[in-house]
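Residue numbers (our numbering), protein chains in the order written: chain X, 1 to 114; chain L, 1001 to 1316.
We treat Cβ as the ideally placed atom computed from N, Cα and C, and that holds for glycine.
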Amino acid sequence: MCSLQTILDNIELQVLTDPLEYSEIEIQSGYTSDLLSCVMTGAKADGVWVTLIANINIVAVASLLDIPAIIITENAQPDAATIARANREGIVLLSTPVGSYQIVGRLWELGIKD
Amino acid sequence: MSDQAAVSDNNAGMITRVEELGYELKVGQVMTTDVVTFSPETTILEALDVIKQHRISGAPVTVDGKLVGIISMEDLIRALRDGRIDRSVSNYMSKDLITVKAMEKVVDALKIFAKTKVGRLPVVDENDKLVGLLTKGDITNGLLNALQRDYQAEEIIRYRASHLFEDIESDRTSLILRYRIIKDDFVHGGAASNNIKRALLRLGANRQIARKCGIAVYEAEMNLIIHTNNGGFLRVEIEPHKITIEAYDDGPGIEDVEKALTPGYSTATDSIREKGFGAGMGLVNIRSCVDEMNIKSSKESGTNLYMTMYLDKTES
């Protein structure tokens, strides 16, 4: 478990959404999948979700599951409507050129093993 | 990470509200009206006695209710140093007065306090009659009371929502939420389920129940968006002891319901899969979230999906 600020300090991620107080967002677990229905069953609340899907549906799923942050991998780019909706829901969208496998590895090293 | 004590979102909201209240509240709402006053003839000795007795640090001086001066502890000390305790307050009071009106905003009074060194502001009407006295402490108390009233109002709203069912008497009380779901409207996909989840939380359901219901409704909602001919409807009925969810459409119907319930079985196209759907887990997820699930489907009349969640009495 660590704060989103710690993740941002240690993994190079581009923040796509409006700034929030990242040190107050505690990330308790992680999940990765590119199938929304699997995320629905597998992802826990207050966790970070790693995916290469960048469309607006990821925000709806994250909001439903109380997921505070999504890391979008392999440079997949969400459109403006997706970012706007994430801002409305208070969900942090992060982007990286590297793949989900590497990102999950880095999160694991930071102690997110749940 | 920044070590500086950053203002959190919560604090920011609070500060904004206090600032707003500074503009909303009027001096007349926070001032002290029960004011100790002196007449110009009151002696310094008498004034000292009264001030000590009331534990105040100064008082306005009036003639027939009209403000003529203000005497502070410093003025009285000056008189003591001069050894003139038998003189009247009119000799030592300050006549150069800064006053405020009852209708002025609290924020304007705060500006005066910030700009000048006065500790109290006499509040007067149009005819310079004294109507009250304002200190910084009065403003702080006024703001705190107003915040407390805000908080209580919010609590009442929450209480009313979560006791909705207890307050209404009928043989069977329920709240029905209806949503029309449009075919291929991926942009609004999840809006209905999110709204339903929020409504449940507002009604006092616990997070786990609200989340499970949200997931079940989301899957049903996406099925309507992806698989129907013309979209469909969601109907959620919330009762004190159970939630009933219905999703219905007018086609094309599920060819083999048994197969559709097999984990991983999907009829989704590649373009749907690219969006992250079509895992073949939708109905499977629904079944794991709700207590009862029932599907009726035919090519002629489309698909009707019924879901029921039972609520523990302590949770509803």
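Please name the residue or residues paired with Lys1105/L in a DSSP beta bridge.
Paired residue(s): Lys1026/L.
Going by beta-carbon coordinates alone, are Leu1164/L and His1241/L separated by less than 8 Å?
Annotated as distal: Leu1164/L and His1241/L, with beta-carbon spacing of 8 Å or more.
Using a Cβ-Cβ cutoff of less than 6 Å, which residues in the same chain neighbour Ile7/X once the five nearest sequence positions on both sides are dropped?
Taken in chain order, the list of residues that qualify is empty.
Asp34/X versus chain L: which residues are under 7 Å apart at the beta carbon?
Going along chain L in sequence order, the residues near Asp34/X (Cβ under 7 Å) are Gly1276.
Quick one: is Gly1282/L near chain X, going by C-beta distance under 8 Å?
In terms of beta-carbon proximity, Gly1282/L lines the interface with chain X, with at least one pair separated by less than 8 Å.
Can you pull the DSSP bridge partners for Met1307/L?
Paired residue(s): Ile1245/L and Met1293/L.
Using a Cβ-Cβ distance under 8 Å, would Asn55/X count as near chain L?
Closer than 8 Å to some Cβ of chain L, the Cβ of Asn55/X qualifies, so yes.
Beta-carbon proximity of Ser1088/L to Pro1122/L, cut-off 8 Å
Contact annotation: Ser1088/L and Pro1122/L have beta-carbon atoms that are not nearer than 8 Å.
Residue closest to Ile56/X, alpha-carbon to alpha-carbon, out of Ile70/X, Ala43/X and Gly47/X:
For the residues Ile70/X, Ala43/X and Gly47/X, the minimum Cα distance to Ile56/X belongs to Ile70/X.
Would you kindly report the start and end of the unbroken alpha helix (DSSP H) that includes Ala1161/L?
Taken as a continuous stretch (DSSP letters only), the alpha helix (DSSP H) holding Ala1161/L covers Lys1136 to Ser1162.
Rounded to the nearest angstrom, what separates Arg101/X and Glu74/X at their Cα positions?
It should be pointed out that residue 101/X corresponds to Tyr in this sequence rather than to Arg. Distance between Tyr101/X and Glu74/X, taken at the CA atoms: about 10 Å.
Quick one: what's got a C-beta closer than 6 Å to Val1007/L's C-beta in the same chain, skipping five residues either side?
Any answer about Val1007/L is weak, because its pLDDT of 45 lies below 50 and its placement is not dependable; what the coordinates show is given next. Cβ neighbours of Val1007/L beyond the five flanking positions: none.
Give me the subset of the segment 1204-1220 of chain L whose CB atoms are less than 8 Å from a CB atom of chain X, sorted by chain position.
Those residues of the segment 1204-1220 of chain L that come within reach of chain X (Cβ to Cβ, closer than 8 Å) are Arg1207, Arg1211, Gly1214, Ile1215, Tyr1218 and Glu1219.
Using 8 Å for Cβ pairs, my map puts Ser63/X next to Ile83/X. What's the rounded Cβ distance?
Not confirmed; about 14 Å, so no contact.
Top-ranked residue by Cα proximity to Met1281/L, from Thr1303/L, Ala1220/L and Gly1253/L:
For the options Thr1303/L, Ala1220/L and Gly1253/L, the alpha carbon positioned closest to that of Met1281/L is the one of Ala1220/L.
Comparing C-alpha positions only, which one of Ile1286/L, Lys1296/L, Ala1279/L and Ala1247/L sits nearest to Asp34/X?
Ranking the options by Cα distance to Asp34/X, first place goes to Ala1279/L.
Name the two residues that bound the continuous beta strand (DSSP E) containing Thr1037/L.
Premise fails: Thr1037/L is in no beta strand (DSSP E) and is neither H nor E.
By the three-class DSSP mapping on this structure, what secondary structure does Thr1032/L have?
When DSSP states are grouped into helix, strand and coil, Thr1032/L belongs to the strand group.
Taking one C-beta from the segment 1058-1074 of chain L and one from the segment 1100-1117 of chain L each time, how about it: are there three or more such pairs within less than 8 Å?
Touching, no, given that fewer than three Cβ pairs across the two stretches are closer than 8 Å.
For Val1217/L, count the other beta carbons within 10 Å of its own beta carbon; 16 or more makes it buried, fewer makes it exposed. Which is it?
Label assigned to Val1217/L: buried.
If you reduce the DSSP assignment to three classes, tell me which class Leu1097/L lands in.
Leu1097/L: coil per DSSP, three-state reduction.
Inter-residue CB distance, Ala54/X and Ile72/X (contact presumed, cutoff 8 Å):
Rounded, the Cβ-Cβ distance is 5 Å, consistent with contact.
Interface partners of Lys1197/L on chain X, CB under 8 Å:
What Lys1197/L touches in chain X: Leu64.
Taking only the alpha-carbon atoms, compute the straight-line gap between Ile25/X and Pro97/X and give it to the nearest angstrom.
Whole-angstrom Cα-Cα distance: 23 Å.
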